[in-house]
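Numbering (my numbering), first residue to last: 4 to 62.
Built from N, CA and C at the ideal position, the CB exists for glycine as well.
In this text, all values refer to a predicted model and were calculated from it rather than measured experimentally.
And the structure:
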């Protein structure tokens with residue numbers, strides 16, 4: 004998993020996305036998660052997720 008996180012981190016090296024957000028993204032991808040509850044909606048949109056509640060209006 005660490006290698007996948009590092010690969011993603013370097014792929015998005017022009018973005019200010021934390022290593023923790025990248026780790027969450029890798030885990031979510033492995034589990035086919037599409038929606039992420041987050042306080043960093045722009046980061047997760049960049050990584051290809053729908054941000055809850057910003058994008059859905061759901062809480």
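Between the CA atoms of residue j and residue i - distance to the nearest angstrom
| i | j | result |
| --- | --- | --- |
| residue 42 | residue 24 | 11 Å |
| residue 26 | residue 44 | 15 Å |
| residue 7 | residue 33 | 11 Å |
Contacting residues, own chain, Cβ-Cβ under 7 Å from residue i (five flanking each side not counted)
| i | result |
| --- | --- |
| residue 61 | 55 |
| residue 31 | 39 and 52 |
Reference residue i; option with closest CA among the options
| i | options | result |
| --- | --- | --- |
| residue 16 | 49, 27 and 57 | 49 |
Per-residue burial, residue i [other beta carbons within 10 Å of its own, 16 or more giving buried]
| i | result |
| --- | --- |
| residue 29 | buried |
| residue 5 | exposed |
| residue 37 | exposed |
Minimum length 3: unbroken beta strand (DSSP E) runs contained in the region 17 to 42
38 to 40
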